[in-house]
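Residue numbers (my numbering): 1108 to 1597.
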């Protein structure tokens, strides 16, 4: 019994010792907390130093808010809004101080930096702050950022910028608001914003509405861009997709291309009205050529055209690109059934025009003559454009590049782009040797070119001394092997 009492006393003593130690530890922590600094010696220097702790940054901002601000305080606070190196909580403290001292200058800082700002968590919170305070003066900044940085997941209506605009104006007004901003942004300094508005409306899948808005717009006397877009919309029933197509369309409206524009307008009258709005500018020269050579194509449905092109391609021999370095996904690429869900009615008409040109003796002769010169020149690939001549015959225009990187690259000269506004196709060769089968088809560089120009393209590859394989491709990785053309006389 005595031993049990002794053990019990020992346990009680140990527990008491632990309890005393814990209380002492808590007391030390409380003393340390009470002794933690509540200010910084130099708030401006602290804020400039992005390696300081968030607590120090907050203390610095508190001091600048509670006492007469030293010279240069606002400049440092403005930098906290856009410079990397601060937490969202720290950044959020700055608008309060700056709104009191100079609201217009605060808006200017946000407007100048917000569209290209990184830091997604802060940029989203800043959009919320703009909406919470109803800073409608910053509407251009919200639209500019939304148009400048596409949604990573394609959810444009989930964007913080959209939510802020919807909160300030109402969700039903956002589309018209973006278009109004496009119309009113006519100053030279606003052209970047203007193009972002245009691209954004397409990303929002508002093309049909955009066409209607352009048709009903009232451009000012000096707004030549909107005047041209309205003429295109009124006469063709479509509008350009992006800045490249806007330049394309405006070029076609110049006196130099009056005859081409007339042919395009005539061709488009043969295209059903409900099909025109989805067409692209690369389709327009194709429609003009089809209206001259095979006008019946323009009245055919997608399914009828697809069946026609597929049947013609089944009669051809095909060569799939197989190089492991630059091939596009699989050796099955190039078969029309692989891209059926991606190709458009305009693609099918373009392929029919290409197949027609591939059977014109003069075109075949020219293709082979130019291919032989390319094969002999080991400094570059050759290329050019195919278009209709003054007598509406297919013709090839050569453009040998001035910039020569190596024998597996074609660098299109500016003169080629200048001559390509009425081109049916841009083309180039893979003609380094007669047996070039593994490179039969477009590579990644070729696809990038198509994405940038939005042109219809052809690549011709030697698959034998007397055979050239022809592949059609355009932006968005659409690629169809059209078969081969034989050397004349073989």
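In this text, a Cβ means the ideal position worked out from N, Cα and C, and glycines have one as well. If you're wondering where the values come from, they're calculated on a predicted model, not measured in any experiment.
Using a 10 angstroms sphere on the CB of residue 1443, the tally of other CB atoms reaches 16 or more, which defines it as buried. Residue 1299: member of the alpha helix (DSSP H) spanning 1298-1310, first to last residue. Minimum Cα-Cα distance from residue 1239 among the listed residues 1282, 1507, 1270 corresponds to 1270. Residue 1481: member of the alpha helix (DSSP H) spanning 1468-1483, first to last residue. Nearest to residue 1158 by alpha-carbon distance, out of 1401, 1234, 1193, 1290, is 1193. Judged by their CB atoms, residue 1461 and residue 1579 are nearer to each other than the 7 Å cut-off.
Secondary structure remark: continuous beta strand (DSSP E) runs of at least 3 residues inside the segment 1135-1218: none found.
Under the three-state reduction of DSSP, residue 1532 is assigned to strand. By the criterion of at least three beta-carbon pairs nearer than 8 Å, the segment 1317-1326 is not in contact with the segment 1252-1272. For residue 1501, there is no enclosing alpha helix (DSSP H); the residue is found in the beta strand (DSSP E) stretching over 1501-1506. Assignment of alpha helix (DSSP H) within the segment 1289-1375, counting only whole runs of 4 or more residues, yields 1298-1310, 1314-1322, 1331-1343, 1350-1359 in chain order. The segment 1328-1337 makes no contact with the segment 1274-1287: fewer than 3 CB pairs, one atom from each, lie closer than 8 Å. By alpha-carbon distance to residue 1482, the top candidate from 1572, 1149, 1242, 1593 is 1572. Taken atom to atom, the span from the alpha-carbon of residue 1363 to that of residue 1534 is near 23 Å.
Residue 1171 has its alpha-carbon roughly 52 Å from the corresponding atom of residue 1555.
As DSSP reads the structure, residue 1574 sits in a beta bridge with 1571, 1593.
Within its own chain, the residues whose Cβ lies closer than 8 Å to the Cβ of residue 1465, once the five positions on either side in sequence are excluded, are 1471, 1577, 1589, 1590, 1592, listed in chain order. With respect to residue 1258, residue 1266 sits close: the two C-beta atoms are nearer than 7 Å.
Partner residues in a beta bridge of residue 1509, as assigned by DSSP, do not exist.
As the crow flies, the alpha-carbon of residue 1162 is around 10 Å from that of residue 1168. For residue 1292, the number of other beta carbons within 10 angstroms of its own is at least 16, and it is reported as buried.
Every unbroken stretch of the alpha helix (DSSP H) spanning 4 or more residues and falling wholly within the segment 1218-1273 is given here in chain order: 1227-1239, 1246-1255.
Closest in C-alpha terms to residue 1530, from the list 1558, 1511, 1564, comes 1564. No Cβ-Cβ contact shorter than 7 Å links residue 1544 with residue 1566. DSSP, read as helix, strand or coil, puts residue 1400 in helix. In this structure residue 1264 is exposed. Its beta-carbon is surrounded by fewer than 16 other beta-carbon atoms within 10 angstroms. For residue 1250, the CB contacts under 8 Å within the same chain, skipping 5 residues up- and downstream, are 1268, 1272, 1284, 1285, 1288, 1300, 1303, 1304, 1307 in chain order.
When Cβ pairs closer than 8 Å are counted between the two stretches, the segment 1394-1401 is seen to touch the segment 1369-1383, the count reaching three or more.
Put simply, of 1490, 1475, 1173, 1245 the residue whose alpha carbon is nearest the alpha carbon of residue 1217 is 1245.
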